[in-house]
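Counting in the working numbering, the sequence shown runs from 930 upward without gaps.
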Amino acid sequence: MIVKEFCMYCGECAGVCPHNLIEVRENSLKFNDKDCKICKICIQACPVKALKSEE
Ligand code: SF4
Ligand code: SF4
């Protein structure tokens, strides 16, 4: 998952991931990519479209 620079770390994406793979830190997002199901729910949930899938 690619996080664009305008991410505001609101936590919206972390809240919707069905597998709890997103960790929001102060100035970064940590994705547990290994277990990501590429369902893209997090991408759709982002209010500023800051997430992009690598696939
Ligand atoms: S929902 Fe979007 S703006 Fe909010 S933390 Fe996730 S990627 Fe960043
Ligand atoms: S694509 Fe789906 S499984 Fe992967 S981090 Fe986003 S919400 Fe979670």
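Just so it is clear, CB atoms sit at the ideal spot from N, CA and C, and this is done for glycine as well.
Original post:
Within 7 Å: the Cβ of residue 976 and any heavy atom of ligand 2?
Top reply: By one-based count along the sequence shown, residue 976 stands at place 47. It does not: the Cβ of residue 976 is nowhere closer than 7 Å to a heavy atom of ligand 2.
Original post:
So, are the CB atoms of residue 962 and residue 930 less than 8 Å apart?
Top reply: Here residue 962 refers to the residue found at position 33 of the sequence shown. Here residue 930 refers to the residue found at position 1 of the sequence shown. Cβ distance < 8 Å, so residue 962 and residue 930 count as in contact.
Subject >> Unbroken stretches of the beta strand (DSSP E), 3 residues or longer, contained in the segment 933-963 >> reply: 951-953, 958-960
**OP:** From the DSSP output, in three-state form, read off residue 972 for me.
**Re:** Position 43 of the sequence shown, counted from the first residue, corresponds to residue 972. Three-state DSSP puts residue 972 in a helix.
**OP:** Tell whether a beta-carbon distance below 8 Å holds between residue 969 and residue 957.
**Re:** On the sequence shown, position 40 is the one that residue 969 refers to. On the sequence shown, position 28 is the one that residue 957 refers to. No, the pair does not count as a contact, with Cβ atoms beyond the cut-off.
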